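Notes to accompany the following structure.
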Amino acid sequence: MNAMAAHASSQCPSLAAGFRPPRPAVRPRASRAMVIDVGCVCGPREANSGGEEGGRQVAWGSAVAGAAAGLLLAASSAVAAPKLPPLSTDPARCERAFVGNTIGQANAVSDQVLDLRSCSYTGKNLSGKTLAGALLSDADLAKSNLQEIVLTKAYAVGANFEGADLTSAVVDRVNFDEANMKNAKMVNAVITGATFNGANLDGTDFEDALIGFEDVKKLCLNPTLTGESRAQVGCRQ
């Protein structure tokens, strides 16, 4: 036993001071976790001999971690992008906005999808209509009357709402990404779970609007939300 201690002391000076090396962890056979072994560096000789191998292990581990992070990011982006159905061939599809949904309004469930993509409603009156779950991407609603409209779960990416009046509208879980909301009027509107990523909010009127806490934080990140509009939303700066 003394001979073993003497041999260990000669190989690793720290052992002579009473240091006891930790026992190696026992890993289950089923485990596939990657472990980077940094070993016990006792002096210049051991550091030089194991440094190159340890460096390769750390570099390889960093590469694997980076690749995994990239795959996760790509997967999350793919999930975030919705897959829209083909454009409806119904010749009267744009006129259906003047009727709206009739059933399952709260959950945006209807007997048929309101496909209003690329439809023009410039200056039209859609006040009080329920367009729950409507596909409104690239639709033109500039200067339209949308007072008290219900847009629960509507998909309005890239739509034009410039100068539209959405007073007292229900804006629940609506996707306004890349939409033009310039000078839109959202006075007294209820805004919850909506997204405005890349939307133009220049001059949008949010006076007395009921906006969820998380929605406020997201809106305040939009660089086009400035001046009075920013104060109405409740941004701190």
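With the sequence shown counted from 1, adding 12 to any position gets you our numbering. Each residue gets a CB set at the ideal place from its N, CA and C atoms; glycine is no exception. Every value quoted in this text rests on a predicted model; they were computed, and no experiment measured them.
Counted as a single uninterrupted DSSP element, the beta strand (DSSP E) harbouring Asp184 occupies residues 182–184.
Per DSSP, Val228 is one residue of the alpha helix (DSSP H) stretching across 225–231. Contact check for Glu174 and Lys194: beta-carbon distance about 5 Å, within the 8 Å limit, so the pair qualifies. For Val111, the secondary structure class from DSSP, reduced to helix, strand or coil, is coil. DSSP, read as helix, strand or coil, puts Ser132 in strand.
Val245 sits in a helix when the DSSP states are folded into three classes. Within the same chain, no residue comes within 6 Å of Phe110 by CB-CB distance, once the 5 residues on both sides are set aside. Excluding sequence positions up to five before and after Ala206, its CB lies within less than 8 Å of the CB of Val183, Asp184, Arg185, Val186, Asn187, Phe188, Asp227, all in the same chain and listed in chain order. Just measuring C-alpha positions, the residue of Gln159, Lys229, Leu231, Asn172 sitting nearest Ala201 is Gln159. Within the same chain, and ignoring the five residues on either side of Asn209 in sequence, the residues whose Cβ sits closer than 7 Å to its Cβ are Asp189. In chain order, Lys141, Thr142, Leu143 place their CB closer than 6 Å to the CB of Gly112, counting only its own chain and leaving out the 5 sequence neighbours on each side. With contacts defined by Cβ atoms closer than 8 Å, Leu96 and Arg108 do not form a contacting pair.
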